[in-house]
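In this note's numbering, the protein residues as written are 24 to 172.
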């Protein structure tokens, strides 16, 4: 927690931070050292560590009011309706991880890394580079002063 609040202190324009964790046999198998025994293939076993994932969003309310609230909309919360900005954002966002994995793996292959594993989450830089494409499709422009943080 001390490091998290130090992060907020060092980055005064960051309104929130998402702390994500994932654990389990499958996750540990993905990140095991090469050459060490992995999960048995084609067998049914009771996992020793069940799969779990947690996301914890920590916000600074003073910064949320300043940096996020001006972009809030009054649209109905239906992320499946692609006629709304929220639906367009939802669909656009969930297209990106697959595209990012390809970009990431191609870049790693170019560096000479054999069999690169794509990251589970796209980078902030990649996401922000894709936003202009989304902005062309939505009506909510917010206050018009988006700055990558």
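Glycine is no exception: its CB is placed at the ideal position from the N, C-alpha and C atoms.
Counterpart residues of residue i in DSSP-defined beta bridges
i, result
"residue 84", "According to DSSP, residue 84 bridges with nothing at all."
"residue 79", "42"
Opening and closing residue of the alpha helix (DSSP H) in which residue i lies
i, result
"residue 101", "Residue 101 -> no alpha helix (DSSP H), and no H or E assigned at all."
"residue 151", "147-158"
"residue 47", "Careful: residue 47 lies outside any alpha helix (DSSP H) and carries neither H nor E."
"residue 141", "That residue, residue 141, is in no alpha helix (DSSP H); it is neither H nor E in DSSP."
Within 7 Å, strictly: CB atoms of residue i and residue j
i, j, result
"residue 153", "residue 131", "no"
"residue 128", "residue 141", "yes"
"residue 145", "residue 115", "no"
"residue 163", "residue 107", "no"
Run of the beta strand (DSSP E) containing residue i, from where it starts to where it stops
i, result
"residue 114", "Not the beta strand (DSSP E): residue 114 falls in the alpha helix (DSSP H), residues 108-133."
CA nearest to the CA of residue i, picked from the options
i, options, result
"residue 61", "68, 117, 52", "52"
"residue 156", "69, 111, 126", "111"
"residue 139", "43, 54, 48", "54"
Check whether the region 72-85 touches the region 95-104, counting contact only when three or more Cβ pairs, one atom from each stretch, lie closer than 8 Å. Fewer than three Cβ pairs drawn from the region 72-85 and the region 95-104 lie within less than 8 Å of each other, which leaves the two stretches out of contact.
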